[in-house]
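Inspection log for the structure reproduced underneath, given as structure tokens.
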Amino acid sequence: MALTPLAIHDLAEAVLGCVCEALDRTAMEVDDYPGCPTCRVCVVPGQPAWDGCEDPCSGDEVGGQLSVHVARIYPSTSFPVEDQQVRDLRECVPPPVTAVELVVTLLRCAPYPSEEGCPPSCEEQAAAARTLHIDAATVFNALLCCLPYTGGGRRGRRFVLGQQRTIGPEGGCVGIEQRVTVALPGCAPCPPLEDS
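Reading the sequence shown from the start, the letters are residues 77 to 272 in my numbering.
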């Protein structure tokens, strides 16, 4: 059969858990670093809405928003290159690899002007930049170090770490977006479709 129905979603959940765990580990090592958000950590359908970077939802919880979504899925005969081969519909043979490009997005509150319209201070900007830079390094390291072990198997998952970029500040949010393309293994041929 081709990919299992939950192969892609299980991968996204595994990446989300891997990154959140790494953020919490970093919080134990670095003073004044918030760690993984506690209110909004989710796999989302498409690009995340920027509506959850505000302060914590209650008490001593950590604010921000961590999400993972699928950017694209494509066949690959030579991972990570996209397969341009035309396939015969009657064969129903899956490609050797299905590549899944995931996007990890981590948003935090950005400093904003005061009620009097004064811009944020340099100290506020520097504190936000420090958190952003720690977020960037932690997400990068999390994918590099724990992603290979999320798939079982002796050899681990094959993946290509893509571009990371700063997003925002916009609407009181600033954050990072990290792309990663993961190879899901090919399987046996699909069962033939029954004629109706």
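We treat Cβ as the ideally placed atom computed from N, Cα and C, and that holds for glycine.
Just so we're clear, the structure is a prediction, and the values are computed from it rather than from any experiment.
Under the DSSP definition of a beta bridge, which residues are partnered with residue i?
{"i": "Tyr-150", "result": "Ala-175"}
{"i": "Glu-246", "result": "Cys-249"}
{"i": "Ser-143", "result": "Cys-118, Thr-181"}
{"i": "Ala-302", "result": "The structure shown does not extend to residue 302, since the chain is modelled only from 77 to 272, so the question has no answer here."}
{"i": "Arg-241", "result": "Glu-253"}
{"i": "Val-236", "result": "Thr-257"}
{"i": "Val-157", "result": "Ser-154"}
Would residue i and residue j qualify as a contact pair, given that the criterion is a beta-carbon distance under 8 Å?
{"i": "Gly-238", "j": "Val-258", "result": "no"}
{"i": "Ile-243", "j": "Ile-149", "result": "no"}
{"i": "Val-117", "j": "Leu-142", "result": "yes"}
{"i": "Pro-110", "j": "Val-173", "result": "no"}
{"i": "Ile-252", "j": "Leu-220", "result": "no"}
{"i": "Ala-98", "j": "Ala-218", "result": "yes"}
Short of 8 Å in beta carbon distance, which residues of its chain neighbour residue i, apart from the five on each side in sequence? Order them along the chain.
{"i": "His-145", "result": "Ala-88, Val-119, Val-120, Pro-121, Gly-122, Gln-123, Pro-124, Leu-178, Val-179, Thr-181"}
{"i": "Gln-30", "result": "Because the chain spans 77 through 272 in this model, residue 30 falls outside it and cannot be assessed."}
Cutting at 6 Å between CB atoms, please list the residues of its own chain near residue i, excluding the five before and the five after it.
{"i": "Ala-90", "result": "Thr-226"}
{"i": "Pro-196", "result": "Pro-187"}
{"i": "Asp-108", "result": "none"}
Between the alpha carbons of residue i and residue j, how many angstroms are there, rounded?
{"i": "Thr-114", "j": "Pro-156", "result": "34 Å"}
{"i": "Val-106", "j": "Asp-100", "result": "10 Å"}
{"i": "Asp-159", "j": "Leu-79", "result": "17 Å"}
{"i": "Cys-222", "j": "Glu-199", "result": "34 Å"}
{"i": "Gly-93", "j": "Asp-86", "result": "11 Å"}
{"i": "Val-95", "j": "Pro-224", "result": "13 Å"}
{"i": "Leu-183", "j": "Ala-103", "result": "16 Å"}
{"i": "Thr-214", "j": "Gln-254", "result": "11 Å"}
{"i": "Ala-203", "j": "Ala-212", "result": "14 Å"}
{"i": "Gly-140", "j": "Cys-194", "result": "24 Å"}
{"i": "Ser-272", "j": "Ile-210", "result": "Note that Ser-272 scores a pLDDT of 48, beneath 50, so its modelled location is shaky and nothing firm can be said."}
{"i": "Arg-274", "j": "Ala-147", "result": "Residue 274 falls outside the range modelled here, since the chain spans only 77 to 272, and no answer is possible."}
Suppose the cutoff is 7 Å on Cβ atoms and the five residues either side in sequence are ignored; what does the same chain contact list for residue i look like?
{"i": "Pro-171", "result": "Pro-151, Ser-152, Thr-153, Asp-159, Gly-262"}
{"i": "Glu-137", "result": "Thr-114, Cys-115"}
How do the region 242-253 and the region 185-199 stand: do at least 3 beta-carbon pairs fall below 8 Å, yes or no?
-> As far as the Cβ criterion goes, the region 242-253 touches the region 185-199, which means the pair count is three or higher.
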